[in-house]
Amino acid sequence: MTFRSPVRDLAFAYRALGGPELLAEGFPDLDEATVAAVLEAAGDFADTAIAPLNRDADRVGARFENGQVISAPGFAEAYRQFAEQGWNSLAADPAHGGQGLPKALEIAVFEMIQAASMAFGLGPMLTQAAIEALTLHGTERQKRLVLPRLVSGEWTGAMVLTEPQAGTDLGALTTRAEPDGEGGWRLTGQKIFITWGDHDAAENICHLVLARTPDGPPGVKGISLFLTSKRLIDEDGRLGARNDFRPGSIEHKLGIHGSPTCVMLYEGAKAELVGELGQGVAHMFVMMNAARLHVGVQGVAIAERAFQQALAFAQERRQGRAVWSADQPAAIYDHPDVRRTLMLMRARIGAARGLCLLTALLADVARTTANSDLRDAARARQELLVPIAKAWSTDMGVEVASAGVQVHGGMGFIEETGAAQHYRDARIAPIYEGTNGIQALDLAGRKLRGDGGEAMRGLVADMQLTAGQLTGEALAPVGARLAEGAAALLAATDWMLANGGDDALAAAATYLKLAGDVAGGWILGREALAAAGSDDPWLQARAPLARLYASQVLTQAPGLAQAVMAGAADLAATTPESLAG
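Quick look at the structure:
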């Protein structure tokens with residue numbers, strides 16, 4: 147099917163969530179015409195240059211031949227166009243060749259790129275994370291020679307953490323960094339699951355690698371961050387000989403076949419220290435936090451792609467009699483349950499899109515405002531929302547992609563229609579860049595307890611304010627359900643703060659789902675308010691979408707709150723033998 151980037155949806159969400167007002171101080175020259183022009187151009191590029199490559203990227207995939215990785219068909223040329231047109235440099239600092247636009251606009255553009263092809267979008271996504279890490283922690287040499295080429299997209303970046311025995315537990319990694327006697331370092335070890343770790347789309351690939359130094363203590367305190375590149379870089383920025391690392395293979399995966407996921411072998415590779423010795427994990431978290439929001443956007447993107455295909459199929463496929471159609475056989479869109487499914491898919495996507503976009507807007511405010519109180523408040527809310535945006539949006543992506551298969555029926559279960567690809571591609575997003583269970587622990591631990599629940603209570607107060615504004619026949623049901631959801635979230639928050647240990651750990655994932663569900667209703671309520679009074683049918687649809695979400699999702703909030711408060715006693719008492727039967 148033909149994919150259409152959701153330019154109008156993104157522009158509306160930007161306005162409805164207060165983007166122009168939030169960015170007025172930090173980006174005084176950014177008007178809505180510029181935002182619209184950027185979104186339109188990016189959407190056109192995604193639709194014409196990337197989306198047509200998606201099916202072949204899945205069928206053919208990246209290849210490993212003669213010790214080298216060959217990109218999926220068309221990806222190398224599309225990436226060069228992506229870089230040449232400036233899409234890689236949108237939000238980077240002009241001091242390093244960037245365009246200095248808001249992170250929120252970058253997030254919006256990358257949603258369209260990821261929807262066009264998630265496998266393609268993974269490459270530049272991780273380059274964005276490398277840019278953020280070097281901007282904050284890079285040396286003068288790295289900022290002079292490497293950062294501008296990452297910003298331009300001339301070179302790409304890769305995040306290199308995982309080893310066979312060390313996934314979430316980074317303290318267990320064994321890759322070694324040893325001084326070379328000339329002020330540099332040599333890396334030796336094996337890394338796995340390295341996204342776009344090798345490819346033929348750019349002339350150089352810069353790896354940011356976690357490794358253990360000889361005199362470092364055990365655990366994460368002995369780990370530092372290093373920059374190593376596929377080709378050596380001289381003092382004038384010219385590329386020299388091939389460095390001493392190589393891909394050993396590429397992984398055979400459930401989905402994202404066009405994205406080369408590499409086993410990388412470091413065999414005395416020349417490297418440079420990034421930041422401070424022993425602070426590698428802290429420095430790497432700059433990359434990981436940037437990537438986590440982008441992964442949340444992937445959930446939105448793959449859901450959008452799956453929804454568009456399901457909606458088109460539902461209008462084409464004819465089956466049986468339908469109460470809303472005189473045609474026989476009727477389009478399955480006119481069967482109430484199919485339409486309910488499609489509307490709920492659409493509502494969930496809008497909720498997650500707004501959540502990710504709002505998180506990026508808050509990051510922009512925190513980065514640019516001169517008002518210290520506003521900066522602190524924006525940063526606190528942004529940090530609170532990041533694990534929710536990552537985990538809730540990617541779970542939503544899997545759920546919506548699954549619903550897309552369901553709408554297709556048996557045709558969705560075979561590979562011919564392409565619906566199955568979206569489901570397969572979506573499944574990785576809840577796993578990488580910190581599993582969603584890890585995101586839940588982060589929310590329930592550092593984010594909630596770090597300030598005694600102040601940021602969450604402030605968010606709930608804003609939800610309650612919006613609930614009070616949702617009045618009138620069309621929106622009062624949304625306001626009532628949102629108020630109930632906010633009350634449930636507040637009660638669950640109080641319980642989480644009062645109960646630590648295994649009780650809070652057992653409840654963390656359910657607490658994050660509750661927070662995401664209610665935040666999604668808040669987003670849709672704000673959008674319905676922004677659309678109220680319009681005679682545009684497209685905008686008039688915001689109210690029924692918000693009502694459906696309120697009735698189908700927000701009504702579950704009190705039950706989720708009860709599940710949060712159930713405690714861990716049953717989990718603690720259950721043994722593997724009792725589960726095995």
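Quick note on numbering: the sequence shown equals residues 147 to 727 in my numbering. Beta carbons are placed, not taken as given, at the ideal position from N, Cα and C, and that holds for glycine.
Assign residue i to buried or exposed, taking buried as 16 or more other Cβ atoms, counted over all protein chains shown, within 10 Å of its Cβ.
| i | result |
| --- | --- |
| Leu169 | buried |
| Asn234 | buried |
| Gln454 | buried |
| Asn517 | exposed |
| His568 | buried |
| His574 | In the sequence under discussion, the amino acid at residue 574 is Ile, which differs from the His named in the question. Its Cβ being crowded by 16 or more others within 10 Å, Ile574 is buried. |
| Trp470 | exposed |
| Ile448 | buried |
| Ile560 | exposed |
| Glu579 | buried |
| Trp331 | buried |
| Ser405 | buried |
| Arg499 | buried |
| Gln474 | exposed |
| Ser724 | exposed |
| Gly383 | exposed |
| Ala506 | buried |
| Asn212 | exposed |
Considering residue i, what are the terminal residues of the beta strand (DSSP E) in which it resides?
| i | result |
| --- | --- |
| Phe210 | Arg209 to Glu211 |
| Met433 | Looking at the DSSP string, Met433 is not in any beta strand (DSSP E); the run it does join, the alpha helix (DSSP H), is Gly426 to Glu462. |
| Ile137 | Only positions 147 to 727 of the chain appear in the structure, and residue 137 is not among them; the question remains open. |
Let's see if you can read the secondary structure: which residues bound the alpha helix (DSSP H) around residue i?
| i | result |
| --- | --- |
| Trp106 | As shown, the chain starts at 147 and ends at 727. That puts residue 106 outside it, with no answer to give. |
| Pro325 | Note, Pro325: premise wrong, no alpha helix (DSSP H); beta strand (DSSP E) at Arg322 to Pro325. |
| Met258 | Lys249 to Ala262 |
| Ala500 | One detail in the question is off: residue 500 reads as Gly in this sequence, not Ala. First-last of the alpha helix (DSSP H) with Gly500: Pro482 to Thr514. |
| Ala695 | Residue identity differs from the one stated: residue 695 is Tyr in this sequence, not Ala. Its alpha helix (DSSP H) spans residues Arg688 to Gln698. |
| Ile584 | Asn582 to Asp588 |
| Gly165 | Gly165 to Leu168 |
| Val184 | Glu178 to Phe191 |
| Gln474 | Where Gln474 is concerned, there is no enclosing alpha helix (DSSP H), given that its DSSP letter is neither H nor E. |
| Gln465 | Taken as a continuous stretch (DSSP letters only), Gln465 belongs to no alpha helix (DSSP H), as it is neither H nor E. |
| Leu400 | No alpha helix (DSSP H) contains Leu400, which DSSP labels as neither H nor E. |
| Arg161 | Val153 to Ala162 |
| Gly708 | Note that residue 708 corresponds to Gln in the displayed sequence, not to Gly. Residues Ala703 to Val710. |
| Phe221 | Phe221 to Glu230 |
| Gln567 | Ala565 to Ala572 |
Of all the options the options, which has the alpha carbon lying nearest to the alpha carbon of residue i?
| i | options | result |
| --- | --- | --- |
| Ala452 | Gly426, Arg494 and Asn435 | Arg494 |
| Ile277 | Pro690, Asn435, Val544 and Ala677 | Asn435 |
| Phe191 | Arg392, Gly596, Ile259 and Trp470 | Ile259 |
| Arg374 | Asp204, Leu291 and Val297 | One detail in the question is off: residue 374 reads as Thr in this sequence, not Arg. If we check each option's Cα against that of Thr374, Leu291 comes out closest. |
| Ala157 | Arg485, Ala179, Gly580 and Phe391 | Ala179 |
| Ala468 | Glu286, Arg485 and Gly556 | Arg485 |
| Thr359 | Ser395, Gln425 and Asp380 | Gln425 |
| Val446 | Gly394, Thr540, Ala472 and Leu385 | Thr540 |
| Ser548 | Pro325, Asn212 and Ala572 | Ala572 |
| Leu706 | Leu694, Glu723 and Trp641 | Trp641 |
| Phe256 | Leu503, Gly172, Asp315 and Cys352 | Leu503 |
| Ala677 | Leu643, Ala509, Thr639 and Leu621 | Leu621 |
| Ala437 | Gly303, Glu413 and Ala458 | Gly303 |
| Ala566 | Arg161, Gly165, Ala537 and Asn200 | Asn200 |
| Gly679 | Thr273, Leu616 and Gly244 | Leu616 |
| Ala601 | Glu529, Thr656, Gly244 and Lys416 | Glu529 |
| Val432 | Glu397, Phe372 and Leu282 | Leu282 |
| Ile196 | Ala224, Asp175, Glu300 and Leu501 | Ala224 |
| Gly671 | Ser151, Ala218, Pro270 and Gly496 | Gly496 |
| Ala743 | Ala650, Thr194 and Ala218 | No information on residue 743 is available, as it lies outside the stretch 147 to 727 that the chain covers here. |
| Ala476 | Phe459, Met491, Thr487 and Met489 | Phe459 |
| Leu660 | Ala250, Leu636 and Val181 | Leu636 |
| Gly244 | Phe228, Gln288 and Leu293 | Leu293 |
| Thr273 | Ala250, Ala261, Trp538 and Ala237 | Ala237 |
| Leu675 | Met271, Arg161, Val153 and Gly220 | Arg161 |
Per DSSP, residue i forms a beta bridge with which residues?
| i | result |
| --- | --- |
| Cys352 | Gly303 and Ser375 |
| Lys391 | The sequence shown places Phe at residue 391, not Lys. Looking at the DSSP assignment, Phe391 forms a beta bridge with Tyr412. |
| Gln214 | Glu211 |
| Thr407 | Thr341 |
| Arg358 | Arg322 and Ile369 |
| Leu385 | Ile379 |
| Ala417 | Trp331 |
| Ile396 | Cys408 |
Is the CB of residue i under 8 Å away from at least one CB in chain C?
| i | result |
| --- | --- |
| Ala572 | Note that chain C does not occur in the displayed structure, where there is just one protein chain. |
*Which runs of the alpha helix (DSSP H) spanning at least 4 residues fall entirely within the stretch 609 to 669, listed in chain order?*
618 to 644
*Enumerate, from N- to C-terminal direction, the unbroken beta strand (DSSP E) stretches of 3 or more residues contained entirely within the stretch 270 to 314.*
302 to 306
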